[in-house]
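S.K.: Can you read through this structure? Questions will come right after.
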Amino acid sequence: MSELSRREFVQLCAITSMGLVIGIPSPGRAGMTERELHPLIKIGSDGQIIIYAQNPDMGQGVKTALPMIVAEELDVDWASVKVEQADWDSRLENQFSGGSLSIRLNYSAMRQAGASARAMLLAAAADRLKRPIGELETQHGYVVDRSGDTRISYAELAEAAGALPVPEAPELKDVKNFSLVGTSIADVDLEPITSGQQEYSLDLKLPDMLYAVVKRCPNGDGQPVSFDSKNARTVPGVVDFHVLKNIDHGGRIILPNCPNFVSGVAVLATNTWAAMQGAEALNVEWQMPDSRDDSDELMQRFEQALDTEAEVVRSDGDAAFDDQENGIDVTYRLPFLAHMPMEPMNCTAYVRGDQAEVWAPTQNPPMAAEAVAKVLGIPQENVTIHVMRSGGGFGRRYYADFITDTVLLSRQFGRPVKIVWSREEDVRHGYFRSSSAQRVRAAAREGKISHWHQKVASHPRGIYLERDGSPAEIGNYEFPAGFIPNLLFDYVAVPARIPLGQWRGTANSSNVFVVSGAIDELAHMAGTDPVEFWLGLVGDEQFVQVREDFNFDASRLRRVIEVAAERAHWGTPLPDGKGRGISASYNQGIWVAEVAEVTVHDDSLKVDRITCVIDCGLLVNPQGAVNQVEGGIVDGMAAALYGKITVKDGIVQESNFHDYRFARMRDIPNIDVHFVDSSDSPRGLGEGPLAPVAPAITNAIFAATGKRIRELPIQL
């Protein structure tokens with residue numbers, strides 16, 4: 000975010016009996032008053048300091064980390080801060096959680112907010128004491144003179160500070176002087192979460208509220224024709240029924256930013272169990288789509304498409320070669336993946352006239368507000384989104400399908416409505432990570448990769464960071480582009496009806512598996528140690544130009560590879576049946592290297608240890624960062640070992656944790672997380688550590704057994 004001008008900042012500051020209120024708007028919004036503004040900082044005359052966390056927290060820790068940045072520049076004791084979750088506000092920029100961007104995009108804005116407030120408090124104290132500002136400083140919520148004779152609390156100064164001119168460019172702290180940022184702070188919701196007192200959206204109850212469950216077509220996009228409610232009406236607590244359709248009378252999708260807004264018949268009841276039992280007893284006649292996908296057949300189509308003409312994404316030099324002795328020609332296969340957050344989809348809404356109030360565990364409040372306004376036909380400013388803490392998300396809550404259903408039902412029945420999805424509905428009617436087949440033809444000469452041709456065939460959504468079904472512009476794929484002189488990326492789109500969406504590191508979770516696996520294959524073919532081969536690929540130059548406007552800092556990738564190898568004791572002997580594998584990547588803006596150590600016995604696999612070294616810039620909250628990395632590694636390992644969505648006749652076969660497994664406690668390896676020191680601005684951690692897990696494991700399996708794994712989930 001760009002720095003605020005004085006004029007823009009003045010528009011954000013209002014003085015009330017409560018004191019000083021400061022927030023961060025989108026540029027160009029004028030005429031705001033304190034009542035209209037949802038603040039990020041509130042300093043009360045009673046001494047209460049409230050810092051609002053503007054981005055949704057689904058376990059990644061931004062409800063703690065973002066206010067820490069504000070508090071650092073404001074210079075207040077963390078113990079004196081009360082953190083509250085911000086509702087959606089159109090004047091807040093980047094108010095979403097996804098793409099590992101919450102801190103990366105908002106770091107400067109949070110610093111600006113805290114520093115501006117601190118500068119105004121200093122100015123108010125200088126005016127009150129008739130002293131030059133240079134003789135004053137702040138200390139943990141007080142303005143003091145440097146001699147130590149005078150000490151005034153922020154609470155005493157807040158009202159006067161709000162009336163003063165806003166500094167054009169408030170002085171930011173030198174990072175070297177940070178005292179809060181860079182220290183480990185417990186999650187602000189840790190106590191209520193661990194004691195069972197945390198209120199999630201699923202817990203919320205409103206007076207006179209109805210509970211709803213939507214019975215959806217087993218084939219994801221089938222439409223309800225009619226329904227028989229005779230048996231469902233006998234269920235105690237069932238109140239009524241309502242048909243929800245995702246098309247209008249002209250056959251058009253009514254909510255283009257929610258492509259998986261699924262049709263169905265809603266059962267309304269006085270409690271969740273009654274709604275679920277009523278839905279089970281409801282008989283619905285469905286209009287089925289003409290074509291019904293089969294994931295195995297779709298994979299065959301992907302593989303066939305690899306031999307067809309493709310759309311070029313990037314071309315450097317001449318990637319064509321014919322060198323069987325020094326080259327590989329291999330195909331990697333990746334499945335559809337589900338999200339499986341512990342808290343299933345749910346939402347509560349109350350629509351009164353042209354006003355809509357929503358309580359939702361959304362990752363994307365702006366999209367939620369847009370979707371609610373569109374589906375109800377009301378102005379977006381009439382929508383209130385209360386952002387609830389999410390019980391996991393992983394990309395599933397980025398969209399608004401579970402929210403739009405709820406507001407439509409609330410409007411229909413004139414009462415608050417809570418929609419609750421069962422786990423089975425959540426699995427079978429989600430947005431999946433794309434499946435793909437990827438062919439790599441590459442060659443190495445003299446320890447260096449000379450040629451690389453990577454062709455991807457997939458049901459369009461996430462390969463090479465595409466958008467709207469089309470491959471992204473050349474250059475969005477930043478590694479190994481720039482390191483290989485003869486390189487070609489191309490892409491074949493294979494249409495299908497399976498709904499796709501965000502997933503934890505959507506494109507990178509596929510591409511890093513392929514790239515790191517193929518690099519390991521080339522290393523062994525060349526008779527070179529994989530770590531040495533990686534270092535030879537990265538080279539000795541600090542910067543490598545991968546596109547006209549971007550120089551890749553290769554030294555940071557080289558550093559994490561070296562440190563990971565050292566910490567994992569790379570090269571030391573292992574007993575028979577054990578192996579180590581390395582993978583590395585630059586994804587989601589961070590440099591990551593991981594080494595997996597595995598034990599393979601017959602057809603059993605045990606991941607013993609994963610060493611992860613990361614360069615993500617400045618660490619805001621080290622303990623929170625470790626939690627993020629460990630969670631990403633466990634998620635990546637679960638996907639590598641078990642993750643697969645199977646579709647037959649258009650119907651998702653998996654339904655719950657028994658047939659879509661996650662890693663259990665007995666599966667968790669020893670995880671060693673190490674961060675490379677950096678004063679660079681902080682970058683996101685939610686997704687980057689996940690992608691290298693699978694190739695590190697499969698490369699370790701090869702080291703232990705000589706068997707190549709090119710398809711996930713892993714089958715020995």
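For the sequence shown, position 127 (counting from the first letter as 1) is numbered 126 according to numbering that gives the first Met the number 0, and the numbering increases by one without interruption. In this text, a Cβ means the ideal position worked out from N, Cα and C, and glycines have one as well.
#1: I'd like the list of long-range same chain contacts for residue 117, defined as Cβ closer than 8 Å, with 5 residues on each side in sequence excluded.
#2: Which same chain residues, not among the five before or five after residue 28, have their C-beta less than 6 Å away from its C-beta?
#3: Report yes if the CB atom of residue 362 is closer than 9 Å to the CB atom of residue 113, and no otherwise.
#4: Taking 9 Å as the cut-off, decide whether the C-beta atoms of residue 529 and residue 539 are in contact.
#5: Ordered along the chain, which non-local residues of its own chain (more than five positions away) have a Cβ less than 6 Å from that of residue 701?
#6: Identify whether residue 518 lies in helix, strand or coil by the three-state DSSP scheme.
#7: For residue 42, count the other beta carbons within 10 Å of its own beta carbon; 16 or more makes it buried, fewer makes it exposed. Which is it?
#8: Please classify residue 308 as buried or exposed, where buried requires at least 16 other C-beta atoms within 10 Å of its C-beta.
#9: Can you name, in chain order, every residue of its own chain whose Cβ lies under 6 Å from the Cβ of residue 343, other than the five neighbours on each side?
#10: Kindly indicate which residue of 666, 669, 643 has the alpha-carbon position closest to the one of residue 658.
#11: Quick check on this structure: which residue in 683, 576, 635, 652 has the alpha carbon closest to the alpha carbon of residue 588?
#12: May I ask you to report which of helix, strand or coil DSSP gives residue 502?
#13: State whether the segment 491–503 contacts the segment 207–220, with contact taken as three or more CB pairs (one from each stretch) at a distance under 8 Å.
#14: Tell me whether residue 492 is buried or exposed, calling it buried when 16 or more other Cβ atoms sit within 10 Å of its Cβ.
#15: Using the three-state DSSP reduction, which class does residue 568 fall into: helix, strand or coil?
#16: Let's see if you can read the secondary structure: which residues bound the beta strand (DSSP E) around residue 529?
#17: Checking 9 Å against the spacing of the C-beta atoms, do residue 278 and residue 348 come in under that value?
#18: Please state if the CB of residue 415 and the CB of residue 389 are separated by a distance shorter than 9 Å.
#19: Excluding the 5 residues preceding and the 5 following residue 284 in the sequence, name in chain order all residues of the same chain whose CB lies nearer than 6 Å to its CB.
#20: Taking residue 691 as the reference, which of 653, 521, 609 has the closest Cα?
#21: With a cut-off of 8 Å on the beta carbons, I'd call residue 562 and residue 675 a contact; round off their distance for me.
#22: Bridge partners of residue 550, per DSSP?
#23: So, with DSSP's three-state summary, where would you put residue 175?
#24: Near residue 654, which residues of its chain fall below 8 Å by C-beta distance, leaving aside the five closest residues on each side in sequence?
#25: Could you check the C-alpha separation between residue 479 and residue 403 for me, to the nearest Å?
#26: Does the structure place the segment 448–455 close enough to the segment 482–489 that three or more beta carbon pairs sit under 8 Å?
#27: Start and end of the alpha helix (DSSP H) containing residue 412?
#28: Go to residue 303, then tell me how far its alpha helix (DSSP H) extends in each direction, as first and last residue.
#29: Given this structure, state the Cα-to-Cα distance separating residue 459 from residue 301, to the nearest angstrom.
#30: Go to residue 201, then tell me how far its alpha helix (DSSP H) extends in each direction, as first and last residue.
#31: Taking the alpha-carbon positions, what's the residue 316 to residue 442 distance?
#32: Between residue 104 and residue 59, what straight-line distance do the alpha-carbon atoms span, to the nearest angstrom?
#33: Skipping 5 residues on each side, what residues in its chain have a beta carbon closer than 7 Å to that of residue 275?
#34: DSSP three-state call for residue 87: helix, strand or coil?
#35: For the alpha helix (DSSP H) containing residue 220, list its first residue and its last residue.
M.R.: On the basis of the supplied data:
#1: So the qualifying residues of the chain are 72, 73, 74, 137, 169.
#2: Summary for residue 28: the model assigns pLDDT 31, below 50, so the residue's position carries little reliability, and this model does not support an answer.
#3: Going by C-beta atoms, residue 362 is not nearer than 9 Å to residue 113.
#4: No; because the gap between Cβ atoms is not below 9 Å, this pair is not in contact.
#5: Cβ neighbours of residue 701 beyond the five flanking positions: 707.
#6: DSSP places residue 518 in helix when its eight states are reduced to three.
#7: Residue environment analysis places residue 42 among the buried positions, since at least 16 neighbouring C-beta atoms fall within 10 angstroms of its C-beta.
#8: The residue is exposed, with fewer than 16 neighbouring Cβ atoms inside 10 Å.
#9: Cβ neighbours of residue 343 within its own chain (closer than 6 Å, five residues either side excluded): 420, 422, 425.
#10: For the options 666, 669, 643, the alpha carbon positioned closest to that of residue 658 is the one of 643.
#11: With distances taken between Cα atoms, residue 588 lies closest to 683.
#12: In the structure shown, residue 502 sits in coil (DSSP, three-state: anything other than H, G, I, E or B).
#13: Contact holds: three or more Cβ-Cβ distances are below 8 Å.
#14: Answer is buried; the Cβ neighbour count reaches 16.
#15: Of the three classes helix, strand and coil, the one that applies to residue 568 here is coil, per DSSP.
#16: Counting along the chain, no beta strand (DSSP E) covers residue 529; the unbroken alpha helix (DSSP H) around it starts and ends at 529–537.
#17: In this structure, the beta-carbon distance from residue 278 to residue 348 does not fall below 9 Å.
#18: Cβ distance not < 9 Å, so residue 389 and residue 415 don't count as in contact.
#19: Result list for residue 284: 224, 225, in chain order.
#20: Comparing alpha carbon positions, the residue from 653, 521, 609 closest to residue 691 is 609.
#21: About 6 Å separates the two Cβ atoms, so the contact holds.
#22: Residue 550 is bridged to 544.
#23: Helix at residue 175.
#24: Excluding residues within five positions, the ones whose Cβ falls inside 8 Å are 422, 423, 426, 427.
#25: Residue 479 and residue 403 have their C-alpha atoms spaced approximately 41 Å apart.
#26: Enough Cβ pairs lie closer than 8 Å, so yes.
#27: Looking at the DSSP string, the run of the alpha helix (DSSP H) that includes residue 412 is 400–412.
#28: Going by DSSP, residue 303 is part of the alpha helix (DSSP H) stretching over 294–304.
#29: Each residue's Cα considered, the two are about 11 Å apart.
#30: Note, residue 201: premise wrong, no alpha helix (DSSP H); not H, not E.
#31: Our two residues, residue 316 and residue 442, have alpha carbons roughly 14 Å apart in a direct line.
#32: Straight-line spacing of the CA atoms in residue 104 and residue 59 works out to 15 Å.
#33: Excluding residues up to 5 positions away in sequence, 212, 421 lie with their Cβ nearer than 7 Å to the Cβ of residue 275 in the same chain.
#34: Three-state DSSP puts residue 87 in coil, outside helix and strand.
#35: No residue range can be given for residue 220, since it is assigned to no alpha helix (DSSP H) and is classified by DSSP as neither H nor E.
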